[in-house]
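In UniProt numbering, the protein residues as written are 1 to 326.
Okay, structure coming up:
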């Protein structure tokens, strides 16, 4: 969750640099999807994982790729052209709240306990303290509406993926690669609508786009899918509360930006809120049910050694020790 927040939290910076570097929103969306899918395809290939082959899975991937990748990526690129970063951060932080409502409606989330609900509210309140959108411009604009629609789209996608894709026969790494590959195809279909006659991109814009595509899209998307599989869509959406904390810390360390009392207080509230959301039962794989205790006990008692890398789990049976006879 920490690595995901770090990579995802830097995404807004790379988007801003790419846009200011002369890259159009639609081109940015297509290239980041293509680069992300290329990274995951290489990792899946090296792990020996095969892409899904049944039509049903690919049909679900088309829906998930549209709501989780193609649509929100484009809306964020479009909205950040006219909206301040503070307003963008607040609107993005509404994703966990939308995720709770949609998850309960579709039953991909179990009942939200009082501690987790309090944590969700505190996380959003802390985000408001950090960004102080009342001091910025762009809250009532089409750009803000685009960012809000992107947050809702993420929440819909997380619930859909938990219900129809997570926990299936296809290896998670190959499934993530297939979804980003599908998103690349969907966004490429809109290429004829891209504006023509734009200026050539700068080196900074190109480098920002490469980083955004490989780390901020490929690796980030796979880690997000693993989090949905392990703890449910709302837990994955809660990472959105950590993004402003990451961006502020990076700004202070890398750019020397000042951090006031209000921002520090907001960061503390966010961390407390996220901590509360980590308590109590969380949704499990495919459908929101948590793993039965008997299965967990059996999993713990199985004599295997596991090695996990980017969500790829390889197991080998441990040798059985001889037992003394009485």
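The beta carbon of each residue, even a glycine, is placed where N, CA and C say it ideally should be.
Residue i vs residue j beta-carbon contact at 9 angstroms
i, j, result
"residue 151", "residue 236", "no"
"residue 266", "residue 128", "yes"
"residue 240", "residue 154", "yes"
"residue 161", "residue 225", "yes"
"residue 234", "residue 103", "yes"
"residue 52", "residue 223", "no"
"residue 242", "residue 210", "no"
"residue 166", "residue 248", "no"
"residue 268", "residue 123", "no"
Buried or exposed (CB count within 10 angstroms, at least 16 for buried), residue i
i, result
"residue 18", "buried"
"residue 3", "exposed"
"residue 326", "Low local confidence applies: a pLDDT of 39 at residue 326 is under 50, so the model's placement there is unreliable, and no value is given."
"residue 143", "buried"
"residue 204", "exposed"
"residue 246", "buried"
"residue 275", "exposed"
"residue 90", "buried"
"residue 134", "exposed"
Pairwise C-alpha distance: residue j and residue i
i, j, result
"residue 38", "residue 101", "34 angstroms"
"residue 227", "residue 58", "21 angstroms"
"residue 81", "residue 56", "37 angstroms"
"residue 244", "residue 40", "26 angstroms"
"residue 8", "residue 193", "28 angstroms"
"residue 97", "residue 148", "12 angstroms"
"residue 88", "residue 12", "9 angstroms"
"residue 199", "residue 121", "43 angstroms"
"residue 10", "residue 250", "8 angstroms"
"residue 182", "residue 54", "14 angstroms"
"residue 188", "residue 173", "23 angstroms"
"residue 168", "residue 117", "29 angstroms"
"residue 238", "residue 158", "11 angstroms"
"residue 21", "residue 264", "32 angstroms"
"residue 146", "residue 220", "22 angstroms"
8 angstroms Cβ shell around residue i - same chain, five flanking residues per side excluded
i, result
"residue 171", "44, 47, 49, 50 and 312"
"residue 356", "There is no way to answer for residue 356, as the model of the chain reaches only from 1 to 326."
"residue 14", "208, 209, 211, 212 and 216"
Nearest to residue i (by Cα), restricted to the options the options
i, options, result
"residue 72", "95, 57 and 56", "95"
"residue 29", "56, 112, 77 and 238", "77"
"residue 278", "119, 7, 26 and 15", "119"
"residue 141", "191, 83, 215 and 114", "83"
"residue 327", "68, 208, 168 and 116", "Past the edges of the chain, shown from 1 to 326, lies residue 327, and the structure says nothing about it."
"residue 156", "5, 180, 189 and 69", "69"
"residue 1", "229, 146 and 125", "229"
"residue 42", "124, 221, 125 and 177", "177"
"residue 191", "27, 159 and 158", "27"
Contacts around residue i, its chain only, beta-carbon distance under 6 angstroms, and the 5 residues preceding and following it disregarded
i, result
"residue 164", "60"
"residue 32", "212, 213 and 217"
"residue 252", "259"
"residue 179", "61, 64 and 65"
"residue 206", "none"
7 angstroms Cβ shell around residue i - same chain, five flanking residues per side excluded
i, result
"residue 66", "186"
"residue 105", "none"
"residue 294", "Residue confidence is low: residue 294 scores 36 on pLDDT, short of 50, so the model does not pin down where it sits. No coordinate-derived value is stated."
"residue 35", "210, 213, 214, 217 and 218"
"residue 201", "21, 22 and 23"
"residue 5", "239, 242, 243 and 246"
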